[in-house]
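Q: What follows is a structure written as structure tokens; I'll ask about it next.
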Amino acid sequence: MNVGSFLDIAEARFPDKLAVISEERRFTYRQVKERVQRLMTGLAKLGVKKGDRVATLMWNSPEMMEVNLAAIRLGAIFTPLNYRLKGPELSFVVENAHPTILVTDDTCQDMAGQVVADVLGRERMFTTSSRSNSHFRPYETLVSKNEHYKGSVASSGGDACQLLYTSGTTARPKGVILSHENVIWNAFNMIHARRDRPDDVSLVVGPLFHAAALNSHYIPRLALGATMIIMTKFDPGLMMDLVQSERATVVPGNPTLFIMLLEHCASREFDTSSVTTLTSGADKLPDHIKKALMDLFPRAEGVFDIYGLTECGHCVSCLDARDSLRKTACVGPPLPFVQVS
């Protein structure tokens, strides 16, 4: 199975269901598939083929999700670049990854123009920005000016799906190749462990260049045909507005994010009655933060505390939310389809 087939399954089951909410924009699964199929044709015309790396340098957006799906459905390797890297670090990653295509946005296009232009050239660099820039072609032309992709790509679970770069805290960033099977089994683990549901309305808060947001939040929701609320970046006020206005059921985060959220909510009242799932990663969640979150979101049984790393694609263990207060400084047992030795 190819991870891209999750879109076919979701669209067949829920064609008119909201797939993506991003600020004022809303896309059903039918609309997402329509745009992805057209983008596949645009990329194929540029020569993108199985094994090529298709890169993004952009903040979270529906377009980033489109590039991910179109690339992997063509057999290419989705390569999201970290916009927090400095110029020399980003140059190293670009030279190491050898992308065939780059898509960027208004926030990142100046950096991309400085770092990537000499590697790729204008014909292979696209931006979602409305600002004119001599380095880039408009991304939307890859979608709007093309028909549905009519080809087929043979793929297997062992084929490369993603090229993700680790943080490089002790040396230069290191590229991690994840196969379709890596990503699929991680999605199955998350769905099983968190009891994810097709009727979930889930915030996607973390950067999609990171394995956590990409493989443990976005991909499982896609597999189920759930609804995703894409936040460009974390903002506690906006997050709580979205929880209320969109009736979000799933709130993901990490200790730092949750502390900031609790500080924001300390002197205000919010309707959090829709939220049934809280999930945390990056570090163990202190007990007093768990208790405060359970007070703020009383319908949640607790907090799913997850441990993972990019090289594993990404989750290794999970503490069940029902054990939140029974287990201290614990990230739970290994997930069902993970072997730890």
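Numbering follows this note's numbering, with no gaps: position 176 of the sequence shown is 199.
For each residue, glycine too, the CB sits at the ideal point set by N, CA and C.
Here the structure is a predicted model, which is why all the values come from computation and not from measurement.
Could you compute how far the alpha carbon of Val326 sits from the alpha carbon of Met134?
A: Position 303 of the sequence shown, counting from 1, holds the residue named residue 326. Position 111 of the sequence shown, counting from 1, holds the residue named residue 134. So the alpha carbons of these two residues sit roughly 37 Å apart.
Q: Tell me, please, which residues DSSP counts as bridged to Ser303.
A: Working through the sequence shown from its first residue, we reach residue 303 at position 280. Answer is Gly276, Asp328, bridged to Ser303.
Q: Can you look up Tyr161 in the DSSP assignment and give me helix, strand or coil?
A: Your numbering for residue 161 matches position 138 in the sequence shown. Correcting the residue identity first, residue 161 is Pro in this sequence and not Tyr. In the structure shown, Pro161 sits in a strand (DSSP, three-state: E or B).
Q: Would DSSP call Cys335 helix, strand or coil?
A: One-based indexing of the sequence shown puts residue 335 at position 312. Here Cys335 sits in helix by DSSP.
Q: Here's the rule: buried if 16 or more other CB atoms are within 10 angstroms of the residue's CB, otherwise exposed. What is Glu292?
A: Numbered from its first residue, the sequence shown carries residue 292 at position 269. Its Cβ having fewer than 16 others within 10 Å, Glu292 is exposed.
Q: Identify every run of the alpha helix (DSSP H) within the stretch 55-97, keeping only runs that are complete inside it and at least 4 residues long; order them along the chain.
A: The qualifying runs are 85-96.
Q: Near Arg154, what residues of its chain come up, given a Cβ to Cβ distance below 7 Å and the 5 sequence neighbours on each side ignored?
A: By one-based count along the sequence shown, residue 154 stands at place 131. Closer than 7 Å at Cβ, skipping near neighbours: Asp129.
Q: For Ala99, which residues from the same chain have a beta carbon less than 8 Å from its beta carbon, with the 5 sequence-adjacent residues on both sides left out?
A: As a working mapping, residue 99 is identified with position 76 in the sequence shown. Once the five neighbours on either side are set aside, the close Cβ partners of Ala99 are Leu66, Val71, Lys72, Lys73, Gly74, Asp75, Arg76, Val77, Thr123.
Q: Which term fits Ala35, buried or exposed, when burial requires 16 or more other beta carbons within 10 angstroms of its beta carbon?
A: Here residue 35 is taken as the residue at index 12 of the sequence shown, counted from 1. Classification for Ala35: exposed.
Q: Looking only at its own chain, which residues have a Cβ that is under 8 Å from the Cβ of Cys131, when we skip the five neighbours before and after it?
A: Residue numbering aside, residue 131 sits at position 108 when the sequence shown is read from its first letter. Cβ within range, chain order: Leu80, Met81, Trp82, Tyr106.
Q: Give the straight-line distance between the Cα atoms of Leu231 and Ser190, rounded to the nearest whole angstrom.
A: What you label residue 231 is simply residue 208 of the sequence shown in a count that begins at 1. What you label residue 190 is simply residue 167 of the sequence shown in a count that begins at 1. Roughly 14 Å between the two C-alpha positions.
Q: Could you tell me which residues DSSP puts in a beta bridge with Arg48?
A: Your numbering for residue 48 matches position 25 in the sequence shown. Looking at the DSSP assignment, Arg48 forms a beta bridge with Ser45.
Q: Report yes if the C-beta distance between Ile214 and Leu247 is below 8 Å; otherwise report no.
A: Residue 214 sits at position 191 when you count from the first residue of the sequence shown. Residue 247 sits at position 224 when you count from the first residue of the sequence shown. In this structure, Leu247 lies closer than 8 Å to Ile214 by Cβ.
Q: Tyr188 by DSSP, collapsed to three states: which one?
A: Taking the sequence shown and counting its residues from 1, one reaches residue 188 at position 165. The answer is strand: DSSP assigns Tyr188 an E or B state.
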